[in-house]
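Number of protein chains: 2
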Amino acid sequence: MDIKQFVLNKAKEAKEGARSIANASSSQKNAALVKMAEAIKKRAEELISENKKDIQYAEKKGLSKALIDRLTLNEKRINEMAQGLVEVAQLPDPVGEITRMWQRPNGMTVGRMRVPIGVIGIIYEARPNVTADATSLCLKAGNAVILRGGSEAINSNKAIVSILRDVAKAEGIHEGAITFIDMQEREAVMEMLKLEGIIDLIIPRGGEGLIRAVTENSRIPVLKHYKGVCHVFVDRDADLIMAEEICFNAKVQRPGTCNAMETMLVDEVIAEGFLPKMLKRFEGVGVEIRGCPKTRSIYPNIKEVSEDDFYNEYLDLILNVRVVKDMDEAIEHIAKYSSAHSDAIVTMNYDRAMRFLREVDSSAVFVNASTRLNDGFQFGLGAEIGISTDKIHARGPMGLEELTCTKFIVFGNGQLRE
Amino acid sequence: MDIKQFVLNKAKEAKEGARSIANASSSQKNAALVKMAEAIKKRAEELISENKKDIQYAEKKGLSKALIDRLTLNEKRINEMAQGLVEVAQLPDPVGEITRMWQRPNGMTVGRMRVPIGVIGIIYEARPNVTADATSLCLKAGNAVILRGGSEAINSNKAIVSILRDVAKAEGIHEGAITFIDMQEREAVMEMLKLEGIIDLIIPRGGEGLIRAVTENSRIPVLKHYKGVCHVFVDRDADLIMAEEICFNAKVQRPGTCNAMETMLVDEVIAEGFLPKMLKRFEGVGVEIRGCPKTRSIYPNIKEVSEDDFYNEYLDLILNVRVVKDMDEAIEHIAKYSSAHSDAIVTMNYDRAMRFLREVDSSAVFVNASTRLNDGFQFGLGAEIGISTDKIHARGPMGLEELTCTKFIVFGNGQLRE
């Protein structure tokens, strides 16, 4: 069978599955998720043995240790995967919520009801746990999922999907609700991206290259996460002890994440009092500092920051530092260089706090808190399928609600258009 | 200058405008809209004289009467355009609304604030009034607009834009907030569609051909309206007098619109009692009926409906009629043939009304009301930039809220990621 037809058939199966899961009750979905968790734990040996095939192949191909680590399933990771399914079962079901309802002058009542999106395509790389995580969130929100994982994890993914589908079927949910493209050709992804009208949304998860390729080729709407070039601005009226803790946390707590700080902006009024102690503390844990001329005049013997550096997502223990003359200059800097992911101000000044919140256009804007808190769990969404740097449909951490849309519902008693 | 550079420069101007309009207060935006309305009325002669150039050119090119009518500006239409601007000024401003706010265990307060999307590209055909209408809605929601109208209306559009920009500037809003691509090459549209990261959203307004071309070529998210293949299902427990009025209104009141009924589904239990009078009434106003075999056995001398007819958006006085054995068959029919735009049930049965509402997946689902009511004004949104048949971001009538997105805002007092 040719690739195009193969992918089309899979997508049609997913679409059938979507109608089934869309009409499943919360109890039915929750019971299925809990049983999936049990089945994953019960069939752990099978998973580990399939996973070994992937690891052996990766070793033969000489793939990096980091990649092989991401690929590896062991008992602990399998238990975490199962636990994730149980946690999603425990979350409230967004489907069917009526977000607003109002009456019109002609007597009809109009409301907006939250409903599933339909078929969601997930395109991802080597982590097999994404298979279970993404599936559980999509199913809970009443959607079918069509999965296309990286070829490195093909055996592991097939094994996970087979377990999930077995349970779905036993629980009266059409298996198409969990559809896996078990074809490794890159063309299969390209064919998926053309199936507008069958697949409703694509969520790519992985590196920037994958995400750009998906966005450029997709006719289907894409929710994506590019990079996080995040800022903390230390205002002249900051509590400097708080500022130091926030900046340190934002840079150092986990530098490889998208919401870690890449550039620290410091008001010139407090720069001399703040920078020496702060930068020494950073250097003490191995952070490489790249400073603007003013920073270097206060704290010599550091590299000079370049224009390009300001656009960079280091994901590493490297920090740009710039002294600005006031908040306006900080906001200008952020408007120019930020990836609009997470930006923070540290200040005790009410007016500047409110202006910063309003004028900085990022997925999350913080007053007196670390950018590292931009996260679905930290914000209380209960789950997270990613952080969107888009502005359309979802922005910032995406939980179950972001995997739904709304439809208008109308209760009438004979209303006509005049 | 080459086309690519030309369009890029325009988009950059719009992006500058976006920052200016995003931070404008409601009063400033409203004052500008009201003054734009005044200026349009004051400079009506100039508009009409520029419009004459377009009409003369259209006549020379032998374009259709219908198109020339859509193109024509006269005093009445100019007054309506101005009135539209005033009405948008009177609507509540969606920007800055905090849709929800909650506290986290670590003491930080998290909220979602409604903010402008940024730069919205409008690609449209011959109607010059779209220039003012779309601009007013985008500006009110704090967005810059980048307009690309049909070449038939180039002189009219330029004249309208020039008036709007003059007022914007006088009111302290960066002119880039209203940017017009005054270049007629088709390539200019293609270049626009590549400017991901500068233009945030594309809304095409026009025929299916335009919309498909935009969707297939855009790297920027697109909100679109394909077709409306709408259904009314007359259930066995319908009030047959109400059913007749609703079906008649849905088909006849304005058959050329996307929310007019194309197929009437009738429960077989009441088909013999309902169809003869209903179909006679339709024929009385010139509706061509295409019936299924059962319909034809009850009401002979009508054409037989084909499978293809069920997919058709007639936008005309033609109606498919199918007798179904129960609501399940009606829902199956709608799932297969509907464009998921507007679908209605007429019934007095509580259980079936609720099931139909839940199980039919369309942008608006009606109980006992005409599909013709699927409209932003009828629903009370106060305005409408179109009806989205997409599921991502906006579904159904799009008002001002749909021209915004949200960002997370966080009030902390030193919270860190543990």
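In order, the protein sequence lines correspond to chains X and B.
Heads up: the first sequence at position 232 corresponds to 232 in the working numbering, and the numbers run straight through without jumps.
Heads up: the second sequence at position 85 corresponds to 503 in the working numbering, and the numbers run straight through without jumps.
By construction, the Cβ of each residue, glycine as well, lies at the ideal position given by its N, Cα and C atoms.
Note on the stretch 712-794 of chain B: whole beta strand (DSSP E) runs with a minimum of 3 residues are 736-742, 760-764, 782-787, in chain order. Counting only residues of its own chain and dropping the five nearest sequence neighbours on each side, residue 290/X has a CB closer than 8 Å to the CB of 302, 303, 304, 305, 306, 309, 318, 319, 320, 321. Contact annotation: the stretch 229-240 of chain X does not touch the stretch 149-158 of chain X, with fewer than three C-beta pairs closer than 8 Å.
Sequence-distant partners of residue 686/B (beyond 5 residues in either direction) whose C-beta falls short of 6 Å from its own C-beta, in its chain, are 741, 743. Looking only at 817/B, 569/B, 516/B, the smallest Cα-Cα distance to residue 541/B is reached by 569/B. For the stretch 9-30 of chain X, the beta-carbon criterion of a distance under 8 Å to any beta-carbon of chain B is satisfied by 19, 22, 23. In the structure shown, residue 694/B adopts helical secondary structure according to DSSP, grouped into three states. For residue 378/X, DSSP assigns no beta-bridge partner whatsoever. Rounded to the nearest whole angstrom, the C-alpha separation of residue 190/X and residue 202/X is 12 Å. Under DSSP, residue 562/B takes part in a beta bridge, and its partners are 537/B. A contact is defined here as three or more CB-CB pairs under 8 Å, and the stretch 744-762 of chain B meets this definition with respect to the stretch 682-700 of chain B. Here DSSP, grouped into helix, strand and coil, assigns residue 55/X to helix.
The shortest CA-to-CA distance from residue 173/X to any of 197/X, 185/X, 143/X is the one to 143/X.
Straight-line measurement puts the Cα of residue 761/B at about 33 Å from the Cα of residue 217/X. Of all alpha-carbon atoms in 85/X, 73/X, 8/X, 9/X, the one lying nearest the alpha-carbon of residue 37/X is that of 85/X. Among the CB atoms of chain X, none fall inside 8 Å of the CB of residue 508/B. No residue range can be given for residue 106/X, since it is assigned to no alpha helix (DSSP H) and is classified by DSSP as neither H nor E. At least one CB of chain B lies nearer than 8 Å to the CB of residue 364/X. Closer than 9 Å at the C-beta level to chain X, one finds these residues of the stretch 823-834 of chain B: 823, 824, 825, 826, 827, 828, 829, 830, 831, 832, 833, 834.
Between the alpha carbons of residue 354/X and residue 827/B lies a distance of about 10 Å. Annotation: Cβ neighbours of residue 108/X in chain B (cutoff 8 Å, chain order): 787, 791. Under the three-state reduction of DSSP, residue 557/B is assigned to helix. In the three-state scheme derived from DSSP, where H, G and I count as helix and E and B as strand, residue 247/X is classed as helix. Proximity of residue 532/B to chain X, defined by a Cβ-Cβ separation below 8 Å, is not satisfied. Non-local C-beta neighbours of residue 701/B in its own chain, meaning closer than 8 Å and more than five positions away in sequence, comprise 707, ordered along the chain. Distances from the alpha-carbon of residue 255/X to those of 285/X, 385/X, 296/X, 81/X put 285/X closest. Apart from the 5 residues on each side of it in sequence, residue 10/X sits with its Cβ closer than 6 Å to the Cβ of 179, 181 in its chain, given in chain order. In the three-state scheme derived from DSSP, where H, G and I count as helix and E and B as strand, residue 625/B is classed as coil.
If you look at residue 407/X, you'll find it in the beta strand (DSSP E) that goes 404-415. Between the stretch 46-53 of chain X and the stretch 69-87 of chain X, the count of C-beta pairs closer than 8 Å reaches three or more; the two stretches touch. Contact of residue 694/B with chain X is not assigned, every C-beta pair being separated by 8 Å or more. In the three-state scheme derived from DSSP, where H, G and I count as helix and E and B as strand, residue 495/B is classed as helix.
Residue pairing by DSSP places residue 614/B opposite 617/B in a beta bridge. Using a Cβ-Cβ cut-off of 8 Å, residue 104/X counts as an interface residue toward chain B, since at least one Cβ of chain B sits closer than that to its own. Cβ proximity to chain X below 9 Å picks out 618, 619, 633 from the stretch 618-633 of chain B. Shown here for residue 618/B: same chain residues with a beta carbon closer than 6 Å to its own, the five before and five after excluded, namely 535, 536, 537 in chain order.
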